[in-house]
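For reference, the structure discussed in these notes is given below.
Residue numbers (the working numbering): 794 to 867.
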């Protein structure tokens with residue numbers, strides 16, 4: 794099951810023992826969690842990145858990840 798969390802793109806699957814495993818790629822955006830939109834992995838990287846940025850910028854908690862880090866780790 795692929796999901797777009799805004800701050801990460803995730804794929805969830807079960808291991809042979811039935812445990813849920815998450816593989817993810819960080820994105821350069823911050824939005825508050827939980828957040829999960831469907832993720833179409835048939836799209837090219839540029840389309841996924843631009844659609845993710847559009848989703849994130851529409852969220853009131855949006856910040857570029859570097860901005861968020863600067864605020865949190867003062």
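In this text, a Cβ means the ideal position worked out from N, Cα and C, and glycines have one as well. Bear in mind the structure is a predicted one, so any value in this text is a computation, not a measurement.
Short of 6 Å in beta carbon distance, which residues of its chain neighbour residue 794, apart from the five on each side in sequence? Order them along the chain.
Cβ contact annotation for residue 794 (same chain, cutoff 6 Å, sequence separation greater than five): 805, in chain order.
Does DSSP put residue 819 in a helix, in a strand, or in coil?
strand
Taking Cβ positions, are residue 848 and residue 799 nearer each other than 7 Å?
yes
Residue 807: first and last residue of the uninterrupted beta strand (DSSP E) it sits in
801-807
Counting only runs of 3+ residues fully inside the stretch 828-858, write out the beta strand (DSSP E) ranges in chain order.
none
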